[in-house]
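Novice:
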Amino acid sequence: MATKSFSFNTEPHVATVNGHDLLFEPEVMGDEFMDAFTELKEAQAAASGIDLDDLSTLDPAKLRGAARGLRQFVARLMLPESATQFLALEVVKDGTVLSSHQDWEEAQEAAEQVAGARVKYAMPMPDRVLVALMEWVTELYGGGANARPTGRSGGSAKASPRAGKTGPARSRSKA
């Protein structure tokens, strides 16, 4: 009788961003990851039509929506405390934080009540870092581009044929 043991990761994954440790779920079940990924795709679809070659047609609201969708995707795979920190929004005016929020629409409404106020993330980060986080969690939970099978695969590619032509002729060295 054969026995095989499996275990789950129990320690959170950690991404350190500019000195802040963001803790991610040790394991994410397939449905959980796919639901988060579907939401990301929906945010990207809502932002479709952005033509970076013609910035005169750029709709900032669509671009911001795509970036928020990416943040939501990454945060959904974090432990709750880190997700709260990562998604925290601030309403600011002249460098002073007027209020803090977790919901974009709520923060936007609060900013509209004060002339010159705007909404920003409490943990700002460049898009390149946000994209790198997205790629990292996709590798962690979705298998990523470098996923390898856990055992022998009958579906592996066959070896390439040897160069040159083979035939029944005898080798000259044996003649």
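Take the sequence shown: its letters are residues 1267 to 1441, numbered as in our numbering.
We treat Cβ as the ideally placed atom computed from N, Cα and C, and that holds for glycine.
1) Could you tell me which of 1336, 1294, 1301 sits nearest to residue 1345, measuring between CA atoms?
2) Per DSSP, residue 1299 forms a beta bridge with which residues?
3) Do three or more CB pairs link the segment 1362–1370 to the segment 1389–1398 at distances below 8 Å?
4) Taking Cβ to Cβ, would you say residue 1370 is nearer than 8 Å to residue 1334?
5) Output needed for residue 1376: all residues of its chain with C-beta closer than 6 Å, excluding positions within five of it in sequence on either side, in chain order.
6) For residue 1275, which of helix, strand or coil comes out of DSSP?
7) For residue 1403, which of helix, strand or coil comes out of DSSP?
8) Could you tell me the distance, in whole angstroms, from the CA atom of residue 1288 to the CA atom of residue 1280?
9) Determine the direct distance from the alpha carbon of residue 1274 to that of residue 1284, and round the result to whole angstroms.
10) Quick one: measure Cβ to Cβ for residue 1355 and residue 1388, integer angstroms, because I've assumed they're closer than 8 Å.
11) What is the rounded straight-line gap between the Cα of residue 1407 and the Cα of residue 1351?
12) Does DSSP put residue 1282 in a helix, a strand or coil?
13) Is the CB-CB distance between residue 1303 and residue 1339 below 8 Å?
14) Beta-carbon within less than 8 Å of residue 1278's beta-carbon, same chain only, minus the 5 sequence neighbours each way: which residues are those?
15) For residue 1402, which of 1282, 1379, 1270, 1269 has the nearest alpha-carbon?
16) Here's the rule: buried if 16 or more other CB atoms are within 10 angstroms of the residue's CB, otherwise exposed. What is residue 1404?
17) On the DSSP bridge list, what partners appear for residue 1344?
18) Run through the DSSP bridge pairs and tell me what residue 1350 is partnered with.
19) Can you tell me whether residue 1385 is buried or exposed? The criterion is at least 16 other CB atoms within 10 Å of its CB, across all chains shown.
Specialist: In brief:
1) For the purposes of this step, residue 1345 is taken as residue 79 along the sequence shown, with counting starting at 1. Nearest C-alpha to residue 1345: 1294.
2) Here residue 1299 is taken as the residue at index 33 of the sequence shown, counted from 1. According to DSSP, residue 1299 bridges with nothing at all.
3) The segment 1362–1370 vs the segment 1389–1398: no contact.
4) Residue 1370 sits at position 104 when you count from the first residue of the sequence shown. Residue 1334 sits at position 68 when you count from the first residue of the sequence shown. For residue 1370 and residue 1334, yes; Cβs fall inside 8 Å.
5) For the purposes of this step, residue 1376 is identified with residue 110 of the sequence shown, where counting begins at 1. Apart from sequence neighbours up to five positions away, the residues of its chain that approach residue 1376 with a beta-carbon distance below 6 Å are 1357, 1365, ordered along the chain.
6) Counting from 1 along the sequence shown, the entry for residue 1275 is found at position 9. When secondary structure is reduced to three states using DSSP, residue 1275 falls in the coil class, being assigned neither helix nor strand.
7) On the sequence shown, residue 1403 is found 137 positions in, with the first residue counted as 1. The three-state secondary structure of residue 1403, taken from DSSP, is helix.
8) Counting from 1 along the sequence shown, the entry for residue 1288 is found at position 22. Counting from 1 along the sequence shown, the entry for residue 1280 is found at position 14. Across the structure, residue 1288 and residue 1280 are spaced so that their CA atoms are roughly 6 Å apart.
9) Here the question's residue 1284 lines up with position 18 in the sequence shown. Here the question's residue 1274 lines up with position 8 in the sequence shown. If I take the Cα positions, the gap works out to 29 Å.
10) As a working mapping, residue 1355 is identified with position 89 in the sequence shown. As a working mapping, residue 1388 is identified with position 122 in the sequence shown. By a beta-carbon distance limit of 8 Å, residue 1355 contacts residue 1388. Their separation comes to about 7 Å.
11) To locate residue 1407, count along the sequence shown from 1; it is residue 141. To locate residue 1351, count along the sequence shown from 1; it is residue 85. Cα to Cα, the separation comes out at about 21 Å.
12) As a working mapping, residue 1282 is identified with position 16 in the sequence shown. Residue state, collapsed to three classes: strand.
13) Taking the sequence shown and counting its residues from 1, one reaches residue 1303 at position 37. Taking the sequence shown and counting its residues from 1, one reaches residue 1339 at position 73. By the CB criterion at 8 Å, residue 1303 and residue 1339 fall inside the cutoff.
14) Residue numbering aside, residue 1278 sits at position 12 when the sequence shown is read from its first letter. Only 1289, 1290, 1291, 1292, 1345 meet the Cβ criterion.
15) Within the sequence shown, numbered from 1, the residue matching residue 1402 stands at position 136. With distances taken between CA atoms, residue 1402 lies nearest to 1282 out of 1282, 1379, 1270, 1269.
16) Your numbering for residue 1404 matches position 138 in the sequence shown. Looking at its Cβ environment, which holds 16 or more other Cβ atoms inside 10 Å, residue 1404 is buried.
17) Walking along the sequence shown from the start, residue 1344 turns up at place 78. As DSSP reads the structure, residue 1344 sits in a beta bridge with 1290.
18) As a position in the sequence shown, residue 1350 is number 84, starting the count at 1. Looking at the DSSP assignment, residue 1350 forms no beta bridge with any residue, so it has no partner.
19) By 1-based counting over the sequence shown, the position of residue 1385 is 119. Burial of residue 1385 is indicated by the presence of at least 16 other C-beta atoms within 10 angstroms of its C-beta.
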